[in-house]
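For the sequence shown, numbering that gives the first Met the number 0 assigns the number 0 to the initial residue and increments by one for each residue that follows.
The C-beta atom is built at its ideal place from N, Cα and C for all residues, glycine as well.
Encoded as structure tokens, the structure appears first; notes follow it.
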Amino acid sequence: MGYWKIAGYTMSLFKRIRARFAPWARRQEGAVAVEFALLSFPFFILVFGIIEVSFAFLSASLLEGAAASAARAVVTGQMPQGAGAVQLANQFRVNLCARLVIIPDCDGQVQVESYVVTGSGGFGGFTENPPTEWDFDVGGANDTIVIRATYNYEMLTPMVGHLIAGEDMTLPFTAIVATQNEPF
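Okay, structure coming up:
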């Protein structure tokens, strides 16, 4: 067999193989499935991240509104007089959580503090770390008070959580209400 005869045989073999697979090479049906497989993961992470960030900011906004509404009971003197700081904090937390239906386990996750502003304009120091005993002072008539409610929102989307909230994936939301008690 000569060289040209082998070369011609090989070329005809390639032509036959190419002719057999040519219809599959022209088809586009699987292209959409491949594109969807490549783009679906980042797309769904983005969508879930947007939904989660929206939910987090909704929680922060509701915390602000609930703190202002629950502080009304303190301002008008509706909190039990003569009760201890723990009882007052629990009562305020119950009032606050009644308005925060969106936050799961509100009683266990929301921390509250209240301080009476002194005559010099200063008040007891707020701490960034949660205290072991809650200090909650509702003050008396015409006292100026500051109430702080804190909620640590735990992010669920890992990529968005690490970008926004850091390694522990929690966003601390704080609502502060500064007001003066009515003459009750």
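With a cut-off of 8 Å on the beta carbons, I'd call Thr149 and Thr173 a contact; round off their distance for me. Here residue 149 corresponds to residue number 150 of the sequence shown, with the count starting at 1. Here residue 173 corresponds to residue number 174 of the sequence shown, with the count starting at 1. So it is a contact: roughly 5 Å between Cβ atoms.
Can you tell me which of Thr75, Val109, Gly76, Phe47 puts its alpha carbon nearest to the alpha carbon of Asn89? For the purposes of this step, residue 89 is identified with residue 90 of the sequence shown, where counting begins at 1. The option with the nearest alpha carbon to Asn89 is Val109.
Opening and closing residue of the alpha helix (DSSP H) in which Phe186 lies: Residue 186 is absent from the structure shown; the chain starts at 0 and stops at 183.
Would the beta-carbon of Ala140 fall within 7 Å of that of Pro182? Taking the sequence shown and counting its residues from 1, the one referred to as residue 140 is at position 141. Taking the sequence shown and counting its residues from 1, the one referred to as residue 182 is at position 183. Yes, Cβ-Cβ distance for Ala140 and Pro182 is below 7 Å.
Among Val52, Phe42, Pro22, which one has its Cα closest to the Cα of Leu155? Counted from its first residue, the sequence shown places residue 155 at position 156. Comparing Cα positions, the closest option is Val52.
What does a CB cutoff of less than 6 Å around Ile16 pick up in its chain, not counting 5 residues either side in sequence? Locating residue 16 in the sequence shown gives position 17, where the first residue counts as 1. Setting aside the 5 residues that flank it on each side, Ile16 has no residue in the same chain whose C-beta is closer than 6 Å to its C-beta.
By the 10 Å Cβ neighbour count, where 16 or more other Cβ atoms means buried, how is Leu95 classified, buried or exposed? Counted from its first residue, the sequence shown places residue 95 at position 96. Burial call: buried.
Go ahead and label Ser11 buried or exposed: buried means 16 or more other beta carbons lie within 10 angstroms of its beta carbon, across all protein chains shown. Translated into positions along the sequence shown, residue 11 becomes position 12. Ser11 should be labelled exposed.
Three-way DSSP call (helix, strand, coil) for Ala174 in this model: Looking up residue 174 in the sequence shown gives position 175. Strand, per DSSP.
Hey, Arg98 and Ala65: beta-carbon distance below 7 Å or not? Within the sequence shown, numbered from 1, the residue matching residue 98 stands at position 99. Within the sequence shown, numbered from 1, the residue matching residue 65 stands at position 66. Result yes, Cβ atoms of Arg98 and Ala65 sit closer than 7 Å.
Using C-beta distances below 7 Å, list every residue in its chain close to Val159, excluding the 5 sequence neighbours before and after it, in chain order. Mapped onto the sequence shown, residue 159 falls at position 160. Once the five neighbours on either side are set aside, the close Cβ partners of Val159 are Gly48, Glu51, Val52.
Cβ atoms of Ile101 and Leu61: under 7 Å apart, would you say? Numbered from 1 along the sequence shown, position 62 holds the residue referred to as residue 61. Numbered from 1 along the sequence shown, position 102 holds the residue referred to as residue 101. When the beta-carbon positions are compared, Leu61 and Ile101 come within less than 7 Å of each other.
What does the alpha-carbon distance come out to for the pair Gly107 and Glu28? For the purposes of this step, residue 107 is identified with residue 108 of the sequence shown, where counting begins at 1. For the purposes of this step, residue 28 is identified with residue 29 of the sequence shown, where counting begins at 1. Distance between the alpha carbons of Gly107 and Glu28 is about 53 Å.
Per-residue DSSP class, three states only, for Ala82: Position 83 of the sequence shown, counted from the first residue, corresponds to residue 82. Here Ala82 carries a coil assignment [DSSP, helix/strand/coil].
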